[in-house]
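In UniProt numbering, the protein residues as written are 1 to 323.
The C-beta atom is built at its ideal place from N, Cα and C for all residues, glycine as well.
Shown next, in structure tokens, is the structure this report addresses.
As structure tokens, then:
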């Protein structure tokens, strides 16, 4: 007897293999026919609220909503909205103008679904790990909320990644998936790496994570993965290699290494001849990944980017089905 998939109230993380598989299959159906459910969202609106910059997430979510007949409205809260107060019981006699209780409730009354992007501070570990800012919208809006990336996770990106792996893997055996750290000049959040590990393990793939010492991710997301500090060893017989930078989790938000040898070049694939390479974009060329990889036959990055539309469409469709 098949497991019954419980309807989602919000889309914020990996929930189950069954739901993940359903969303992947639905996304692939939408990719084959984007207008499949064109009338499903008729008369409904989705509010895309950005507290941080975006390119793929913004446009793909808008296109996904349009494909379903919804009206998407984008608000750059960090530039176009009032400065928000997040703290309960705050005396608002300084720089903040509007409390999240009021702003989220108003937005919830305007939209059928809210989609929120809120990055971490990378300074307050406890607050970031609680997804504090994002959770305030969930708490006070009163409508389904989709994560467009929070302090801890980026589930729409991870769903698009799993769609891409599904499209490029036809064998009955599990693919060997490697998540490798890449160098960067800035302190980068953990959300993409956390979420990719969570979804890859949840979808029952073989996952190896490789990074310099000191870049261990939160074990809540990596339990069940093989951790390998030798990148060359980790890459042996890899089928998919996902490149992403992240800052230190234990020494929170710190850059501990900028070792250029961790940037993937064709020389890294001597023992993984058929490996495909993935990255969520944006990517700093010839720092995180070399031009020869990004522009070569191994690269799946543009396929991942296109799949962002259909990942979002599957999720929004699922939430509309509950209304």
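- Its Cα nearest to that of residue 309, the residue 63 stands out among 63, 17, 106, 14.
- Under the three-state reduction of DSSP output, residue 93 falls in the coil class, being neither helix nor strand.
- Assignment of residue 101 by DSSP, reduced to helix, strand and coil, places it in the helix class.
- Per the coordinates, the alpha-carbon of residue 206 lies some 47 Å from the alpha-carbon of residue 96.
- Taking C-beta atoms as the reference points, residue 240 and residue 175 count as a pair closer than 9 Å.
- The continuous alpha helix (DSSP H) containing residue 129 extends over residues 125 to 129.
- Contact annotation: residue 58 and residue 148 have beta-carbon atoms nearer than 9 Å.
- Within the region 204 to 278, the complete beta strand (DSSP E) segments at least 3 residues long are 206 to 210, 226 to 228, 240 to 244, 276 to 278, listed from N- to C-terminus.
- Boundaries of the beta strand (DSSP E) around residue 179: 176 to 181.
- The C-alpha of residue 203 is placed about 19 Å away from the C-alpha of residue 218.
- Taking residue 244 as the centre and dropping the five residues before and after it, the same chain places the C-beta of 192, 193 closer than 6 Å to its C-beta, in chain order.
- A direct Cα-Cα distance of roughly 12 Å separates residue 165 from residue 299.
- Per DSSP, residue 301 is one residue of the alpha helix (DSSP H) stretching across 301 to 320.
- Under DSSP, residue 74 forms a beta bridge with 48.
- Of the candidates 272, 263, 253, the residue whose Cα lies closest to the Cα of residue 233 is 272.
- Going by C-alpha positions, residue 212 is about 36 Å away from residue 22.
- By the Cβ rule, the region 277 to 287 counts as touching the region 155 to 164, because three or more pairs are nearer than 8 Å.
- Non-local beta-carbon contacts of residue 159 in its own chain, meaning distances under 8 Å to residues more than five positions away in sequence, involve 20, 23, 24, 27, 199, 311, 314, 315 in chain order.
- Fully enclosed alpha helix (DSSP H) runs of no fewer than 4 residues occupy 17 to 32 of the region 8 to 32, in order along the chain.
- The C-beta of residue 254 has fewer than 16 other C-beta atoms within 10 Å across all chains shown, which makes the residue exposed.
- Relative to the Cα of residue 71, the nearest Cα in the group 115, 33, 133, 78 belongs to 115.
- Bounds of the beta strand (DSSP E) holding residue 147 are 145 to 147.
- 139 is the residue among 289, 228, 139, 208 whose C-alpha sits nearest the C-alpha of residue 88.
- If you compare the alpha carbons of 7, 56, 68 with that of residue 33, the shortest gap goes to 68.
- For residue 114, the enclosing beta strand (DSSP E) has its first and last residue at 113 to 117.
- Residue pairing for residue 85: DSSP places it in a beta bridge opposite 99.
- As the crow flies, the alpha-carbon of residue 295 is around 15 Å from that of residue 242.
- Taking residue 237 as reference, the option from 196, 79, 136, 274 with the minimal CA-CA separation is 274.
- Bridge pairing for residue 63: absent [DSSP].
- Pairing residue 188 with residue 209 gives a Cβ-Cβ distance that is not under 9 Å.
- Cα atoms of residue 112 and residue 258: separation of roughly 44 Å, rounded to the nearest angstrom.
- Between the alpha carbons of residue 307 and residue 91 lies a distance of about 45 Å.
- Residue 197 sits away from residue 151, with the two beta carbons spaced by 9 Å or more.
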